[in-house]
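**Q**
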Amino acid sequence: KGGTVFLDEIGDMSVALQTKLLRVLQEKKIRPVGSNKENDIDSVRIVTATHKSLSDGVAEGWFREDLYYRLNVIEIYLPPLRERKGDIGALVEYFLATINANMKKQIVDFQPVRFADNAMQPLLKHHWPGNIRELENTLRRAVFFAQQAISENATPSITACLLQDLITKTITKKADDNWGERSLSSVNMKDLVNEIQYHYYQRFLYELPNPSRAQLASSMKITLPTLEKLERKWEENGLKTGNRQDRTRER
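Counting from 107, one number per residue, gives the positions in the sequence shown under this note's numbering.
Right, here's the structure in full:
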């Protein structure tokens, strides 16, 4: 009795399951599987999380309005990681300490991995569509590859080059998966061309050493005005582009 129930990604819950949850919240009773007796849950606190806008879901019909108002007592908005890059340093420190501790328990000869001084830059440049989970996953993979590359009498370290490579490969795989899954009837060629352009724009940003706008335009085989027009369009759609100061300086 008592306690807290945490329901993650409630925006992905089916309408049928939403109906059952609403009944539980209204009646404050549940019946365990295989039992004929109902238990009171008066003192149970419900906490939910979602990456979707439930108010939009109500308007569009995929989330029940009555359930929305039952749940939405106190709302806490957590901005995406791309909007709070200042938190990345603290998160890296926490995740790296946790990963090192867990790996040391599992692997007898495991050597704790350190974070190189120059390794933060690729993390600060990345857009992080997967938010904190993507950051944690990237660091787990980085720890693994740093262990594989260890040399004798050397402390394994996560470098900027390693992180850049992991992030770029993730972007490439995600784009390839998305493009390959689409049926021909659902393809919008304008959108597809825009996605391809942005995908390779990001790759050039990560792989070229501190590229200027002119270098980016040249690498993409387009003119500088065309690149700036594309960047403005991407920014209007909430996508990350290169450093604005470089663009201003070149003008």
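Every residue, glycine too, gets a C-beta built ideally from N, C-alpha and C.
1. For the beta strand (DSSP E) holding residue 151, just list the boundary residues, first then last.
2. Give me the residue from 336, 274, 202 with the minimum Cα distance to residue 252.
3. In chain order, which alpha helix (DSSP H) runs of at least 4 residues are fully inside the region 114–159?
4. Count the other CB atoms within 10 Å of the CB of residue 157; is the residue buried (16 or more) or exposed (fewer)?
5. Tell me the rounded alpha-carbon separation between residue 330 and residue 317.
6. Does the beta-carbon of residue 151 have 16 or more other beta-carbons within 10 angstroms, so that it is buried, or is it exposed?
7. Can you give, in chain order, each stretch of the alpha helix (DSSP H) that sits fully within the region 190–232 and has at least 4 residues?
8. With 16 as the cutoff for other CB atoms within 10 Å, does residue 250 come out buried or exposed?
9. Using the DSSP secondary-structure output, state which residues sit across from residue 112 in a beta bridge.
10. In this structure, does DSSP put residue 263 in helix, strand or coil?
11. For residue 114 and residue 153, what's the separation of their Cα atoms in angstroms?
12. Can you round the beta-carbon distance between residue 195 and residue 226 to whole angstroms, since I take them to be within the 8 Å contact cut?
13. By how many angstroms is the C-alpha of residue 206 removed from the C-alpha of residue 341?
14. Using C-beta distances below 7 Å, list every residue in its chain close to residue 128, excluding the 5 sequence neighbours before and after it, in chain order.
15. Is it right to say residue 228 is buried, meaning 16 or more other beta carbons lie within 10 angstroms of its own, or is it exposed?
16. Among 133, 239, 134, 306, which residue has its Cα nearest to the Cα of residue 328?
17. When we look at the beta-carbon of residue 264 and count the other beta-carbons within 10 Å, is it buried (16 or more) or exposed?
18. Helix or strand or just coil, what does DSSP make of residue 183?
19. Determine the contact status of residue 163 and residue 236, defining contact as a CB-CB distance below 9 Å.
20. Roughly how many angstroms separate the alpha carbons of residue 323 and residue 314, rounded to a whole number?
21. Of all the options 138, 143, 168, 155, which has the alpha carbon lying nearest to the alpha carbon of residue 120?
22. Is it true that the CB of residue 219 sits closer than 9 Å to the CB of residue 262?
**A** Result, derived from the coordinates:
1. 151–154
2. 202
3. 121–133
4. exposed
5. 13 Å
6. exposed
7. 194–212, 226–231
8. exposed
9. 153
10. strand
11. 8 Å
12. 7 Å
13. 37 Å
14. 170, 172, 173, 176
15. buried
16. 306
17. buried
18. coil
19. no
20. 12 Å
21. 168
22. yes
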